[in-house]
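**Q** Numbering (UniProt numbering), first residue to last: 1 to 308.
Quick reminder that beta carbons are idealized off the backbone N, C-alpha and C, glycines included.
I'd like to ask some things about the structure below.
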Ligand SMILES: NC(=O)c1ccc[n+]([C@@H]2O[C@H](COP(=O)([O-])OP(=O)(O)OC[C@H]3O[C@@H](n4cnc5c(N)ncnc54)[C@H](OP(=O)(O)O)[C@@H]3O)[C@@H](O)[C@H]2O)c1
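Structure (structure tokens):
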């Protein structure tokens, strides 16, 4: 009797976990032959699976990565899995504004198209500083992608209709931006939440500014995904998270689905500037839907990266 109860409890827990981890898959089968996709941080986790999915559809896929060896390895794997040899990498460190400017210059010289830009790279809750003295989360997750997108906008406009997809996180809701201290770097988790909130405002303002110019913008929460983000932490934490992620988090392939959906599906066109989760538009908390704050952040970011 005791054994039977244990087996039933285990079976029940397994089914509940499976139900909790269920995810929609992108059902749009559109091909991307002749299109160019740029994915930041495409050598790992969600970015790599997105790269495989888009390479399978025939796109030219460029990974923008900071580490040459990891990038080469990922390119080999993506080519092998997609049977698409039109996959390459270019070097960029999003924690360094000079590196982003050099990367963009080279990209604009070499690449004649940019149909889909995926701002995927990201650092989790850490308290370091970038080379330009921005807090690591705000600097890489928001400012790095802000500068990159702005520098590549001419090519995105020329290739219109084009799309910019930025990875955010549903944890955005736990924080607000403090315009007196955008570089807030006190509690690691809060710095991460703020950077992901900034990704949402960035998407809204980009969509507004590009209205009628053929560049659309989407913010995506990929779900909680078993990727490599724990590599920034201690061995013990990694071990603990491995167990938790195995139980509750979805695979990187599942995590990439909403990104792929926003990259290819026609139905997202009516939701320009929107926030997506599980392959459908999702509702934002009211404070995160604020055009005034989005514009203010855009202008502050322009000053910080010396764009204006
Ligand atoms: N995993 C989740 O549960 C989850 C949930 C919500 C949102 N997200 C978001 O999804 C995105 C992808 O994360 P992931 O889970 O796939 O994590 P991941 O496996 O750690 O991948 C992150 C990628 O970002 C790159 N990166 C980090 N700092 C960089 C820099 N300074 N310059 C260039 N590239 C840099 C990493 O490169 P290296 O390999 O060289 O470190 C790596 O390729 C992130 O924006 C994250 O915030 C993830």
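1) Between the alpha carbons of residue 40 and residue 50, how many angstroms are there, rounded?
2) Comparing the CB of residue 93 with every heavy atom of ligand 1, is any distance shorter than 8 Å?
3) Below 8 Å on the Cβ atoms is my contact criterion, and I expect residue 141 with residue 123 to pass it. Report the Cβ-Cβ distance as a whole number of Å.
4) Within 8 Å: the Cβ of residue 174 and any heavy atom of ligand 1?
5) Check whether the Cβ of residue 89 sits closer than 8 Å to any heavy atom of ligand 1, and report yes or no.
6) Could you give the residue range of the beta strand (DSSP E) that holds residue 118?
7) CA-CA distance, residue 19 and residue 278?
8) Would you check if the segment 62 to 79 and the segment 292 to 306 touch, i.e. whether three or more CB-CB distances between them fall below 8 Å?
9) Tell me the start and end of each unbroken alpha helix (DSSP H) in the segment 240 to 287 that is at least 4 residues and wholly inside, in chain order.
10) Using only the heavy atoms of ligand 1, determine whether one of them is closer than 8 Å to the beta carbon of residue 274.
11) Got a sec, what are the start and stop residues for the alpha helix (DSSP H) residue 192 sits in?
12) Does the beta carbon of residue 281 fall short of 8 Å from some heavy atom of ligand 1?
13) Alpha carbon to alpha carbon, how far is residue 1 from residue 257? Give it in angstroms, no decimals.
14) Is it true that the CB of residue 171 sits closer than 9 Å to the CB of residue 192?
15) Given a cut-off of 9 Å, decide if residue 56 and residue 89 are closer than it, judged by their beta-carbon atoms.
16) Do residue 94 and residue 66 have their C-beta atoms closer together than 9 Å?
17) Could you have a look at residue 218 and say whether DSSP puts it in helix, strand or coil?
18) Taking the alpha-carbon of residue 150 as reference, which of 96, 164, 130 has the nearest alpha-carbon?
19) With respect to 8 Å, is the separation between the Cβ of residue 46 and the closest non-hydrogen atom of ligand 1 below this value?
20) Note the first and the last residue of the continuous beta strand (DSSP E) segment covering residue 142.
21) Should the segment 241 to 250 be regarded as contacting the segment 219 to 227, the criterion being three or more beta carbon pairs within less than 8 Å?
**A** Looking at the coordinates:
1) Approximately 11 Å between the Cα atoms of the pair.
2) Checking the Cβ of residue 93 against ligand 1 gives yes.
3) Sure, about 7 Å apart at Cβ, within 8 Å.
4) Proximity of the beta carbon of residue 174 to ligand 1 is not indicated: no heavy atom of the ligand is located closer than 8 Å.
5) At a cut-off of 8 Å, the beta-carbon of residue 89 does not count as near ligand 1: no heavy atom of the ligand is closer than that.
6) Per DSSP, residue 118 belongs to the beta strand (DSSP E) from 116 to 119.
7) When only Cα atoms are considered, residue 19 and residue 278 end up about 14 Å apart.
8) Taking 8 Å as the limit for Cβ pairs, the verdict is that the segment 62 to 79 does not touch the segment 292 to 306.
9) DSSP runs (the alpha helix (DSSP H)) wholly in the segment 240 to 287: 252 to 255, 257 to 264.
10) Checking every heavy atom of ligand 1 against the Cβ of residue 274, none is found closer than 8 Å.
11) Start and end: 188 to 209.
12) Relative to ligand 1, the beta carbon of residue 281 is positioned no closer than 8 Å to any heavy atom.
13) Rounded to the nearest whole angstrom, the C-alpha separation of residue 257 and residue 1 is 43 Å.
14) With contacts defined as CB atoms closer than 9 Å, residue 192 and residue 171 qualify as a contacting pair.
15) No.
16) Contact: yes.
17) Here residue 218 sits in strand by DSSP.
18) When C-alpha distances from residue 150 are compared across 96, 164, 130, the shortest belongs to 164.
19) Answer for residue 46: yes, Cβ within range of ligand 1.
20) Per DSSP, residue 142 lies in no beta strand (DSSP E) segment and is marked neither H nor E.
21) Yes, they touch.
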